[in-house]
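Visitor: Taking the working numbering, the leading residue of the sequence shown gets 885, the next gets one more, and so forth. My questions will all concern the structure given below.
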Amino acid sequence: MEIWKFIFACLVFQALLRAETIVELGTSEQLHFCSSGKLEYSKDAKGNHLPDFSQVGYHSGEQAIPRVPVKMILEPRSGDDTQRIQKALNKLGRLPLDGAGFRGTLLLKRGLYHVKETLRISQSGIVLRGEGNGPDGTVIVATGYDDLKYQRALIEVGPGSESSSVHSQHGYRADELTILTDSKQEIVDAYVPIGSHSIEVESTSGYRAGDRIVVHRPSTAEWIHSIGCDQLEPRWSDIRNTRWVKKGESAGFYYQRLDSFSDYRILKEANESWDDFVKRVPFSEDGNQFDLTRQWQAGNYDFYFERRILSVDGNRIAIDAPIVFPIEQEFGGGAIYHFEAKNRIREVGIENVRLISEFAKPIAGHPYGNPEKTSEAEAHAWHGIQLKTNTENTWVRDVTGNYFGWSLVSASGKRATVQDCLNLGHASKITGGRRYSFMIDGQLNLVQRCLTYEGRHEFVTQAKTAGPNVFVDCLGIDSKSSAGPHHRFSVGTLFDNVKSEKLMESRFRGNSGTGHGWAGTQTCFYNCVAPDFVVKAPPGGISWVIGSGEDEKRVAPASLYYQQVQDRLGKDALDRLATEQQRKNLGKYLWIKERLENERKSE
C-alpha cells in the first residue's frame, strides 16, 4: 500500500472539510498504558477520544455464554422438516422460564434436515443446538429455488411471525421501542464529546442508577447540511415494477432498481396532497428516467442509543457505554428518555449447526446446485440467521454456512455475540444488496473469530447503525468489495485485527445506491490488514487508522477491544471471550487453519 499517498489524501480531505482522520503506524499517541497497567486515552481540545468498546456482546461480556440444558430432542427424517422443528420450538416456548431466563435447548441430532420455510424463534430463553457444524454434523438445508418466495431467512430470532423483508435490512425500520415522552429530559451540555460516559440534563427527577434509557441525538436540517447530505448529486436511471399506493399509512410510490429485487419506496407525507406528492417524485422532464438519489431529510437520521445509568450526581448522569456520536447544541442538542421494549426477545442462542442454502438444481456430486453457477443464483434462501431488531443478549456460535445470497448472520438487535463462525461462500450475483457475510444493523454487538469467503461487504454495518459495535479477529478471503460501514451513517464501529483481501473503508459514498452519503464515522481500524484503506470522517467526526496497513505496522496492545475488556472486567472475563493462546496468536489466524483442516477431514 502506498501509505504516504493515503495519508496525504486524508490530510487534504481534512483541510477541506474540517474533519479529522487520525493515522498512526507502529506507535500510537491516542492511547498509552498508565501506571496501573490500564489504558489511558488522549483527548482533543473538545474532549473527544477513542471510545471504550468493551460493553458489546452477550451481557456486555459480563457473563459467559451458558450451556443450556436439553429439554427436547429431534432425529433426522425424510421429507420436509419445517413444521416438525417449528412445533418443537413452539412447544419449548410454552415452557416456563427458569431463574436464569431460559426454557431449554432443542437438540437436533446429527444428520440432514430439510426446511422449506423459515424457522422462527419468537420466545425468550430458547437455544437451538446441533451435534456438529461439519458435513457429518447437524446439517439444516434451506430448500427451494427458482422462485423469489424462497428468498428468505432460514432461521429468524425475534417477536412476531412475519419475516423481515430485504427492504428492512437497508435500515428503514422502526426500532420497536416505546419512547416514554413524558420522561424527556433535555441535555444541557453545549457539547458531549466522543468517548464520554457523562451527560448533564435539565433535571434527573425520576431517574436513578440502574435505569435503562435512550440517549436521543436528533438529525436537524442544519446538521445534514453541514455534512453535505442534502446536496447529493442526481443519479438518473431506469426502474421497474413501479406502482402507486394511494391510501393508507404506506401511501406512496414503489419501485425496484434494475440491479436489485429489493422494493424501494417514497412515502407521501400525512398532510401532503396527492398532486403535490406526485410532483415531487423525481422523474426526468421527459418522464423516461428516475433520480435514484434520496437527499437526507431532517428527522430521518435520528439516533436512539440504549444505555444504562450507572450513577446520578445532581443533574449529571453516568452511563455504561460511551457516547459515539457527539451531542451538540448547535445541531439540536439531545435528550434522554425512559423506554419500554415489551416484546423484546432475550436469551436465545443458535449453536453447533451447519446451514446450507439449496440454490439450484442438483448435479452429480453437488446436491445443492452447480458450484460454478453460484454467481447467477438469486431466488433461494437469502440469510442463514437473522437476529431481528427487538432482540437482546443473544448468541450465534460454532456455525458453518454456505450459499446464502445475503448473509450467514445478520445482527439487528442489541448485545449479540457472533463467534467462531465460518461462511464458505455465497450464491448470488456479485452486485449491490448481496454478500454481506457478517452484518451488524443494531448496537452493542460483537463478531469475533469469523471467516468468510467471497463476500462483497464481508464485515459490514448498515444504515443508521448506532454503536458501539465490534468486529475482532476476523478474516475475509477472496473478497469482492470492501469491508467497513457501508451506507447512511453508521457510528462507533471498531474493526480490530480484521484482515481483508480488498480495501477497508469508512468514507463519503455520495450518490451511491440511492444516496448513501456518509457511510460512517467514529470508525476505528485497529491492527487491521488490507491492501488499501480509504478512511475519511465527516465534519464534526473522527475516524482512526491505528497500526493498520498491508505491512506489519502493529501497535500495542495487540487488541484494543480485548485490552478494554480486561481493563473494565478483569482477566477472567477476557479469558471467557478468547483463550490466552488465541490472544497470543492474534493476526496469525491459526484458529481458521484448524477449522479448515477439520472441514477437509470430514469431507
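C-beta atoms are modelled at their ideal positions from N, C-alpha and C, and glycine is treated no differently.
Can you tell which of Arg-1484, Val-1354, Gln-1007, Thr-1258 has its C-alpha closest to the C-alpha of Asn-1227?
Guide: Locating residue 1227 in the sequence shown gives position 343, counting from the first residue. Asn-1227 has its Cα closest to that of Gln-1007, out of Arg-1484, Val-1354, Gln-1007, Thr-1258.
Visitor: In its own chain, which residues sit with a C-beta less than 8 Å from the C-beta of Cys-918, not counting the 5 before and 5 after it?
Guide: For the purposes of this step, residue 918 is identified with residue 34 of the sequence shown, where counting begins at 1. So the list reads Glu-924, once near-sequence residues are dropped.
Visitor: What residue does the alpha helix (DSSP H) around Arg-1460 start on, and which one ends it?
Guide: Here residue 1460 refers to the residue found at position 576 of the sequence shown. Unbroken alpha helix (DSSP H) run through Arg-1460: 1455-1461.
Visitor: What did DSSP end up calling Glu-1169 once you bin it into helix, strand or coil?
Guide: Against the sequence shown, residue 1169 aligns to sequence position 285. Glu-1169 falls in the coil class under three-state DSSP.
Visitor: Is Gln-1327 helix, strand or coil when you go by DSSP?
Guide: Locating residue 1327 in the sequence shown gives position 443, where the first residue counts as 1. Correct three-state label for Gln-1327: strand.
Visitor: Thinking C-alpha only, which one of Ile-1123, His-1222, Lys-930, Arg-951 is nearest Glu-1070?
Guide: Your numbering for residue 1070 matches position 186 in the sequence shown. Checking every option, the nearest Cα to that of Glu-1070 belongs to His-1222.
Visitor: Report the three-state DSSP secondary structure of Asp-1160 (helix, strand or coil).
Guide: Locating residue 1160 in the sequence shown gives position 276, where the first residue counts as 1. Three-state result, Asp-1160: helix.
Visitor: Excluding the 5 residues preceding and the 5 following Gly-1055 in the sequence, name in chain order all residues of the same chain whose CB lies nearer than 7 Å to its CB.
Guide: Translated into positions along the sequence shown, residue 1055 becomes position 171. Any reading at Gly-1055 must be qualified, since the residue scores a pLDDT of 31, below 50, and its modelled position is unreliable; no value is offered.
Visitor: Of all the options Leu-1461, Ile-1201, His-1370, Cys-1305, which has the alpha carbon lying nearest to the alpha carbon of Thr-1336?
Guide: Here residue 1336 corresponds to residue number 452 of the sequence shown, with the count starting at 1. Closest by alpha carbon: Cys-1305.
Visitor: Could you tell me which of Val-1041, Leu-1176, Gly-1216 sits nearest to Glu-1106, measuring between CA atoms?
Guide: If you number the sequence shown from 1, residue 1106 lands on position 222. Comparing Cα-Cα distances from Glu-1106 to each of Val-1041, Leu-1176, Gly-1216, the minimum goes to Gly-1216.
Visitor: Assuming Asp-1073 and Ile-1211 form a contact by the criterion Cβ under 8 Å, report the distance between their Cβ atoms to the nearest whole angstrom.
Guide: Taking the sequence shown and counting its residues from 1, one reaches residue 1073 at position 189. Taking the sequence shown and counting its residues from 1, one reaches residue 1211 at position 327. Asp-1073 to Ile-1211, Cβ: 7 Å. Contact.
Visitor: In whole angstroms, give me the CA-to-CA distance for Gly-1268 and Arg-1318.
Guide: Along the sequence shown, one-based indexing puts residue 1268 at 384. Along the sequence shown, one-based indexing puts residue 1318 at 434. Taking the straight line from one Cα to the other gives about 13 Å.
Visitor: Count the other CB atoms within 10 Å of the CB of Val-1356; is the residue buried (16 or more) or exposed (fewer)?
Guide: Residue numbering aside, residue 1356 sits at position 472 when the sequence shown is read from its first letter. By the neighbour-count rule (16 or more Cβ atoms within 10 Å), Val-1356 is buried.
Visitor: Pick from Ser-1168, Lys-1131, Leu-1142: whose alpha carbon is nearest that of Leu-1151?
Guide: Along the sequence shown, read from residue 1 onward, the residue named residue 1151 stands at position 267. The option with the nearest alpha carbon to Leu-1151 is Lys-1131.
Visitor: So, for Gln-1447: in the same chain, excluding its five sequence neighbours on each side, which residues have a beta-carbon less than 7 Å away from its beta-carbon?
Guide: Residue mapping note: residue 1447 aligns to position 563 of the sequence shown, counting from 1. Leu-923, Pro-1441, listed in sequence order.
Visitor: Within a Cβ cutoff of 8 Å, which residues of the same chain sit near Arg-1191, ignoring the five residues on either side of it in sequence?
Guide: By 1-based counting over the sequence shown, the position of residue 1191 is 307. Excluding positions up to five away in sequence, the list reads Arg-1096, Ile-1097, Val-1098, Val-1099, Ile-1203, Asp-1204, Ala-1205.
Visitor: Report yes if the C-beta distance between Ile-1207 and Val-1076 is below 7 Å; otherwise report no.
Guide: Within the sequence shown, the letter at position 323 stands for residue 1207. Within the sequence shown, the letter at position 192 stands for residue 1076. Cβ atoms of Ile-1207 and Val-1076: closer than 7 Å.
Visitor: Enumerate in chain order the residues of its own chain whose CB-to-CB distance from Glu-1117 is below 8 Å, with the five nearest sequence positions on each side excluded.
Guide: Within the sequence shown, the letter at position 233 stands for residue 1117. Around Glu-1117: Thr-1177, Gly-1394, Asn-1395.
Visitor: To which residues does DSSP link Phe-1209 through a beta bridge?
Guide: The residue you call residue 1209 lines up with position 325 of the sequence shown. Beta-bridge pairing links Phe-1209 to no other residue.
Visitor: Which of helix, strand or coil does DSSP assign to His-1250?
Guide: Numbered from 1 along the sequence shown, position 366 holds the residue referred to as residue 1250. DSSP places His-1250 in strand when its eight states are reduced to three.
Visitor: Return the CA-CA distance between Trp-1428 and Lys-1420, expressed in angstroms with no decimal places.
Guide: Stepping through the sequence shown from its first residue, residue 1428 is reached at position 544. Stepping through the sequence shown from its first residue, residue 1420 is reached at position 536. Cα to Cα, Trp-1428 sits roughly 9 Å from Lys-1420.
Visitor: Using DSSP with H/G/I as helix, E/B as strand and the rest coil, what is Leu-835?
Guide: The chain is shown only over 885 to 1487; residue 835 falls outside these bounds and no answer can be derived.
Visitor: Buried or exposed: which applies to Ala-1367, given that a residue is buried once 16 or more other Cβ atoms fall within 10 Å of its Cβ?
Guide: Residue numbering aside, residue 1367 sits at position 483 when the sequence shown is read from its first letter. When all chains shown are included, Ala-1367 counts as buried.
Visitor: Let me know if Gly-1351 comes out buried or exposed under the rule of 16 or more other beta-carbons within 10 Å of its beta-carbon.
Guide: Translated into the one-based positions of the sequence shown, residue 1351 becomes position 467. So Gly-1351 counts as buried.
Visitor: Please state if the CB of Pro-1423 and the CB of Ile-1111 are separated by a distance shorter than 7 Å.
Guide: Along the sequence shown, one-based indexing puts residue 1111 at 227. Along the sequence shown, one-based indexing puts residue 1423 at 539. Closer than 7 Å, so yes.
Visitor: What's the gap between the Cα of Ile-1229 and the Cα of Asp-1159?
Guide: Along the sequence shown, read from residue 1 onward, the residue named residue 1229 stands at position 345. Along the sequence shown, read from residue 1 onward, the residue named residue 1159 stands at position 275. Rounded to whole angstroms, Ile-1229 to Asp-1159 spans 43 Å at the Cα level.
Visitor: Go ahead and label Pro-1043 buried or exposed: buried means 16 or more other beta carbons lie within 10 angstroms of its beta carbon, across all protein chains shown.
Guide: By 1-based counting over the sequence shown, the position of residue 1043 is 159. Counting Cβ neighbours within 10 Å, Pro-1043 comes out buried, since at least 16 surround it.
Visitor: In whole angstroms, give me the CA-to-CA distance for Gln-967 and Glu-913.
Guide: Translated into positions along the sequence shown, residue 967 becomes position 83. Translated into positions along the sequence shown, residue 913 becomes position 29. Computed Cα separation, rounded: 57 Å.
Visitor: Could you check whether Gln-1332 and Ser-1294 sit closer than 7 Å to each other, using their CB atoms as the reference points?
Guide: Here residue 1294 refers to the residue found at position 410 when the sequence shown is read from its first residue. Here residue 1332 refers to the residue found at position 448 when the sequence shown is read from its first residue. Result no, Cβ atoms of Ser-1294 and Gln-1332 do not sit closer than 7 Å.
Visitor: What do you reckon, are the CB atoms on Gly-1084 and Asn-1199 nearer than 7 Å?
Guide: In the sequence shown, the residue the question calls residue 1084 occupies position 200. In the sequence shown, the residue the question calls residue 1199 occupies position 315. Looking at the sequence itself, residue 1084 is Glu, so the reference to Gly does not match. Closer than 7 Å, so yes.
Visitor: Flag this pair as yes or no: are the beta carbons of Glu-1060 and Arg-1004 separated by less than 7 Å?
Guide: The sequence position of residue 1060 within the sequence shown is 176, counting from 1. The sequence position of residue 1004 within the sequence shown is 120, counting from 1. No, the pair does not count as a contact, with Cβ atoms beyond the cut-off.
Visitor: Closest Cβ-Cβ distance between Asn-1184 and chain D: below 7 Å?
Guide: Absent here is chain D; the protein component of the structure consists of one chain.
Visitor: Considering only the beta carbon of each residue, do Asn-1277 and Tyr-942 sit closer than 7 Å?
Guide: Taking the first residue of the sequence shown as 1, we reach residue 1277 at position 393. Taking the first residue of the sequence shown as 1, we reach residue 942 at position 58. It is a contact, given that the beta carbons lie within the stated cut-off.
Visitor: Could you say which of Arg-1127, Lys-1313, Ile-1010, Thr-1065 lies nearest to Ala-1261 if we only look at CA atoms?
Guide: One-based indexing of the sequence shown puts residue 1261 at position 377. Nearest of Arg-1127, Lys-1313, Ile-1010, Thr-1065 to Ala-1261, Cα basis: Lys-1313.
Visitor: Which residue marks the beginning of the beta strand (DSSP E) containing Gly-1136, and which one marks its end?
Guide: Translated into positions along the sequence shown, residue 1136 becomes position 252. Where Gly-1136 is concerned, the enclosing beta strand (DSSP E) stretches over 1136-1141.
Visitor: How about His-998 and Asp-1020: do their beta carbons lie closer than 7 Å?
Guide: If you number the sequence shown from 1, residue 998 lands on position 114. If you number the sequence shown from 1, residue 1020 lands on position 136. No, they are not a contact pair.
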